[in-house]
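Engineer: Counting in the numbering used here, the sequence shown runs from 5 upward without gaps. Here a beta-carbon is modelled for each residue, glycine too, at the ideal position from N, C-alpha and C.
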Amino acid sequence: MPNAAVSGRDARHPTGRKPGVAQGITVVAAGFLPILAIVSLFPAVPAIIAHFAARDPSAIIKVPSAVAAPGLTIALLAIFAGMATDRFGRRTMLLWATAFYALLGSAPFFLDSLDGLYVSRLLLGVTEAAVLTTMNTLIGDYWDEKGRRTWLSLQGMAGPLLASVVIASSGAATAWRWNASFLIYLVAVPIFFATWAFLYEPTPQPHEQPQDAATPVATPFPWRDVALFAPVTLFAAMLYYVFIINGGSVWQEVGVQSSADIGRLSALPSLFTVVGAGIYWLVGKRSARLQLSLFLTLIGGGLIIMGLIHDWRGMIAGMIVQQTGVGMAVPVLIGWVQNYLPFAHRGRGMGIWTACFFFGQFLSPVVVGLVRMGAGTMQGAFVITGAIGLVGALIVNLVLAARRTPSAS
Numbered sequence: 005m006p007n008a009a010v011s012g013r014d015a016r017h018p019t020g021r022k023p024g025v026a027q028g029i030t031v032v033a034a035g036f037l038p039i040l041a042i043v044s045l046f047p048a049v050p051a052i053i054a055h056f057a058a059r060d061p062s063a064i065i066k067v068p069s070a071v072a073a074p075g076l077t078i079a080l081l082a083i084f085a086g087m088a089t090d091r092f093g094r095r096t097m098l099l100w101a102t103a104f105y106a107l108l109g110s111a112p113f114f115l116d117s118l119d120g121l122y123v124s125r126l127l128l129g130v131t132e133a134a135v136l137t138t139m140n141t142l143i144g145d146y147w148d149e150k151g152r153r154t155w156l157s158l159q160g161m162a163g164p165l166l167a168s169v170v171i172a173s174s175g176a177a178t179a180w181r182w183n184a185s186f187l188i189y190l191v192a193v194p195i196f197f198a199t200w201a202f203l204y205e206p207t208p209q210p211h212e213q214p215q216d217a218a219t220p221v222a223t224p225f226p227w228r229d230v231a232l233f234a235p236v237t238l239f240a241a242m243l244y245y246v247f248i249i250n251g252g253s254v255w256q257e258v259g260v261q262s263s264a265d266i267g268r269l270s271a272l273p274s275l276f277t278v279v280g281a282g283i284y285w286l287v288g289k290r291s292a293r294l295q296l297s298l299f300l301t302l303i304g305g306g307l308i309i310m311g312l313i314h315d316w317r318g319m320i321a322g323m324i325v326q327q328t329g330v331g332m333a334v335p336v337l338i339g340w341v342q343n344y345l346p347f348a349h350r351g352r353g354m355g356i357w358t359a360c361f362f363f364g365q366f367l368s369p370v371v372v373g374l375v376r377m378g379a380g381t382m383q384g385a386f387v388i389t390g391a392i393g394l395v396g397a398l399i400v401n402l403v404l405a406a407r408r409t410p411s412a413s
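1) List in chain order: all unbroken beta strand (DSSP E) runs of 3+ residues lying wholly within the region 343-384.
2) Indicate whether S168 and A177 have their beta-carbon atoms separated by less than 9 Å.
3) How big is the Cα-Cα spacing for T328 and S117?
4) Going by other Cβ atoms of all chains shown within 10 Å of its Cβ, with 16 needed for buried, is R21 buried or exposed?
5) What's the gap between the Cα of G331 and the Cα of G280?
6) Shortest alpha-carbon distance to N287 belongs to which of V325, P335 and A391?
7) Could you have a look at P181 and say whether DSSP puts it in helix, strand or coil?
8) At which residue ranges does the region 106-193 contain complete alpha helix (DSSP H) runs of 4 or more residues, listed in the order of the chain?
9) When the Cα of F363 is compared with those of G251, M382 and L76, which residue comes out closest?
10) So within the region 53-109, which uninterrupted alpha helix (DSSP H) runs reach at least 4 residues, ignoring any that extend past its ends?
11) By the DSSP assignment, the alpha helix (DSSP H) with Q256 in it spans what residues?
12) Would you kindly check if the distance between the Cβ of Y189 and the Cβ of G437 is under 9 Å?
13) DSSP on R293, reduced to helix/strand/coil?
14) Between the alpha carbons of L45 and V25, how many angstroms are there, rounded?
15) I need the boundaries of the alpha helix (DSSP H) containing A26, first residue and last residue.
16) If you draw a straight line from the C-alpha of L367 to the C-alpha of S69, how long is it?
17) Alpha carbon to alpha carbon, how far is M139 from S297?
18) Note down the Cα distance separating V43 from A72, rounded to an integer number of angstroms.
19) Restricting to Cα atoms, I'd like to know which of I338, A333, L337 and G305 is closest to G322.
20) Give me the residue from Y105, I266, D60 and W147 with the minimum Cα distance to I39.
21) When DSSP labels each residue in this structure, what does D265 get in the three-state scheme?
22) Can you tell me where the alpha helix (DSSP H) holding G280 begins and where it ends?
23) Answer with buried or exposed for K289, where buried requires no fewer than 16 other C-beta atoms within 10 angstroms of its C-beta.
24) Which value, in whole angstroms, describes the spacing of the CA atoms of R59 and P112?
25) With DSSP run on the structure shown, which of helix, strand or coil describes T223?
26) Once the 5 residues before and after G482 are set aside, which same chain residues still bring their CB inside 7 Å of it?
27) Applying the 10 Å Cβ sphere with the 16-neighbour rule, what's the burial state of Q215?
28) Would G378 pass as a contact of I388 if the rule is Cβ separation under 9 Å?
29) Out of C360, P23 and A88, point me to the one whose CA is closest to T237's CA.
30) So A34 and I143 are supposed to be a Cβ contact under 8 Å. How far apart are they, rounded?
31) Should the region 82-101 be called in touch with the region 129-137, which here means at least 3 C-beta pairs below 8 Å?
32) Do H314 and V258 have their C-beta atoms closer together than 9 Å?
33) Give me the Cα-Cα distance between T301 and G393, rounded to the nearest whole angstrom.
34) Which of helix, strand or coil does DSSP assign to T199?
35) Taking C-beta to C-beta, are A241 and I356 nearer than 9 Å?
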């Protein structure tokens, strides 16, 4: 009996296979793996530092750096991962990536060397680059615009909830053993088997196939479109990470010094990322101009509020606005970029998008640090970067209006 999740025929899937719930859940689960690589170690960082501190005084610097190391690898290699995805196939790449993710992610549980841990984290970034690029490519391959909006929204809603579970699990594991949190990476094993069981190699949509299959015409790579979405993605990512990286400093400037208090007060407004993902679903049929301008305005406006207020109540209000924008950001960007990428180059294009997003992550603290030096306080830096976000929203709106493309108008 054919699998209901992949059976049936329609105009978009002439081969007879079309994506269903099984494919959607598998892609969403795979998309959480790069997030897992960061959030699972937050509770474990002090324990890892304490374990290595006696042997390596630089552990206080090396350990946080090791946590962030996969991001740099992703930024450097995502383009090549995208090219490999186009050449060797989406399913094959995701199978290899999830298998090595489980192996490299859990490796520090069996290591007692800080340098070995660091190397394993850098190599983990290679698998994350492949997972991110392939997963985002499959969203464009499997579904039309409505389907992409559905699964991107669900991905945005599931991320914060899964992150909460992972953080709690990591804390409990770390209480047992200093490096036990690395075993959480073995969650990639069932995702590997789900990929093997449910995902299939997609074929071009009817409008992406040459009319005469005997004389195919090579599709040119959309460099003009890349020249638009690459800088927008880089800018958005730098804005996206301003609070994630520097928010604790602002909490302290308004008088909340305890990490426990910061975590407690941040818990509720952080859930507004789910609201942002829901707003993306509601406005997903509207123009990219509206969607991009809205999330940039929300993030920028939230940063300004946090930069101007003087107590914890104002911080919560600013976080609610900013986190709502953060919840919209990634699904809006991916959904927008997918409209520019033909099947033949979708992997490469998403590789470029991924590289830009993670370069934005790398550059964000550098830019904010420079702004803070000029402003004198982190709150002052938030006001300035928030204002830059509002100006960016206006510029993006004007640029897309000038292009007058279907996805921008």
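Structural biologist: Concretely, from the data shown:
1) none
2) Here residue 168 corresponds to residue number 164 of the sequence shown, with the count starting at 1. Here residue 177 corresponds to residue number 173 of the sequence shown, with the count starting at 1. Note that the C-beta distance between S168 and A177 is not below 9 Å.
3) By one-based count along the sequence shown, residue 328 stands at place 324. By one-based count along the sequence shown, residue 117 stands at place 113. The alpha-carbon separation between T328 and S117 amounts to approximately 40 Å.
4) Position 17 of the sequence shown, counted from the start, is the residue given in the question as residue 21. R21 is buried by the Cβ-count criterion.
5) By one-based count along the sequence shown, residue 331 stands at place 327. By one-based count along the sequence shown, residue 280 stands at place 276. Computed Cα separation, rounded: 4 Å.
6) Here the question's residue 287 lines up with position 283 in the sequence shown. Reading the sequence as shown, one finds Val at residue 287 and not Asn. V287 has its Cα closest to that of P335, out of V325, P335 and A391.
7) Residue mapping note: residue 181 aligns to position 177 of the sequence shown, counting from 1. It is Arg, not Pro, that sits at residue 181 in the sequence shown. Assignment of R181 by DSSP, reduced to helix, strand and coil, places it in the coil class.
8) List check, alpha helix (DSSP H) in window: 118-146 and 149-180.
9) As a first step, residue 363 must be located in the sequence shown, where it is residue number 359. Minimum Cα-Cα distance from F363 among the listed residues G251, M382 and L76 corresponds to L76.
10) 63-92
11) On the sequence shown, position 252 is the one that residue 256 refers to. Segment W227 to E257, the alpha helix (DSSP H) holding Q256.
12) The question about residue 437 has no answer, for the chain in this structure spans 5 to 413.
13) For this step, residue 293 is matched to residue 289 along the sequence shown. Helix, per DSSP.
14) Position 41 of the sequence shown, counting from 1, holds the residue named residue 45. Position 21 of the sequence shown, counting from 1, holds the residue named residue 25. Distance between the alpha carbons of L45 and V25 is about 30 Å.
15) Numbered from 1 along the sequence shown, position 22 holds the residue referred to as residue 26. Looking at the DSSP string, the run of the alpha helix (DSSP H) that includes A26 is V25 to V43.
16) In the sequence shown, residue 367 corresponds to position 363, counting from 1. In the sequence shown, residue 69 corresponds to position 65, counting from 1. Inter-residue distance for L367 and S69 is about 15 Å (C-alpha atoms, whole angstroms).
17) Within the sequence shown, numbered from 1, the residue matching residue 139 stands at position 135. Within the sequence shown, numbered from 1, the residue matching residue 297 stands at position 293. M139 and S297: Cα-Cα distance of roughly 25 Å.
18) As a position in the sequence shown, residue 43 is number 39, starting the count at 1. As a position in the sequence shown, residue 72 is number 68, starting the count at 1. Going by the C-alpha atoms only, they are around 10 Å apart.
19) As a working mapping, residue 322 is identified with position 318 in the sequence shown. Checking every option, the nearest Cα to that of G322 belongs to G305.
20) By 1-based counting over the sequence shown, the position of residue 39 is 35. Checking every option, the nearest Cα to that of I39 belongs to Y105.
21) Taking the sequence shown and counting its residues from 1, one reaches residue 265 at position 261. D265 falls in the helix class under three-state DSSP.
22) As a working mapping, residue 280 is identified with position 276 in the sequence shown. Where G280 is concerned, the enclosing alpha helix (DSSP H) stretches over F276 to V287.
23) Stepping through the sequence shown from its first residue, residue 289 is reached at position 285. Label assigned to K289: exposed.
24) Taking the first residue of the sequence shown as position 1, residue 59 is located at position 55. Taking the first residue of the sequence shown as position 1, residue 112 is located at position 108. If I take the Cα positions, the gap works out to 17 Å.
25) Residue 223 sits at position 219 when you count from the first residue of the sequence shown. Coil at T223, not helix or strand.
26) For the chain, the structure presents residues 5 to 413; residue 482 sits outside this window and is missing.
27) Along the sequence shown, read from residue 1 onward, the residue named residue 215 stands at position 211. At Q215, the pLDDT of 44 sits below 50, so the modelled position is not reliable; the number obtained from the coordinates is stated separately. Exposed, because fewer than 16 other Cβ atoms sit within 10 Å of the Cβ of Q215.
28) Indexing the sequence shown from 1 puts residue 378 at position 374. Indexing the sequence shown from 1 puts residue 388 at position 384. Yes, the Cβ-Cβ distance between G378 and I388 is below 9 Å.
29) Taking the first residue of the sequence shown as 1, we reach residue 237 at position 233. The shortest C-alpha separation from T237 is found at C360.
30) In the sequence shown, the residue the question calls residue 34 occupies position 30. In the sequence shown, the residue the question calls residue 143 occupies position 139. Actually they are not in contact, since the Cβ atoms of A34 and I143 sit about 11 Å apart, beyond 8 Å.
31) yes
32) To locate residue 314, count along the sequence shown from 1; it is residue 310. To locate residue 258, count along the sequence shown from 1; it is residue 254. Taking 9 Å as the cut-off, the Cβ atoms of H314 and V258 count as close.
33) For the purposes of this step, residue 301 is identified with residue 297 of the sequence shown, where counting begins at 1. For the purposes of this step, residue 393 is identified with residue 389 of the sequence shown, where counting begins at 1. Going from the Cα of T301 to the Cα of G393 covers about 7 Å.
34) The sequence position of residue 199 within the sequence shown is 195, counting from 1. DSSP, read as helix, strand or coil, puts T199 in helix.
35) On the sequence shown, residue 241 is found 237 positions in, with the first residue counted as 1. On the sequence shown, residue 356 is found 352 positions in, with the first residue counted as 1. No, the Cβ-Cβ distance between A241 and I356 is not below 9 Å.
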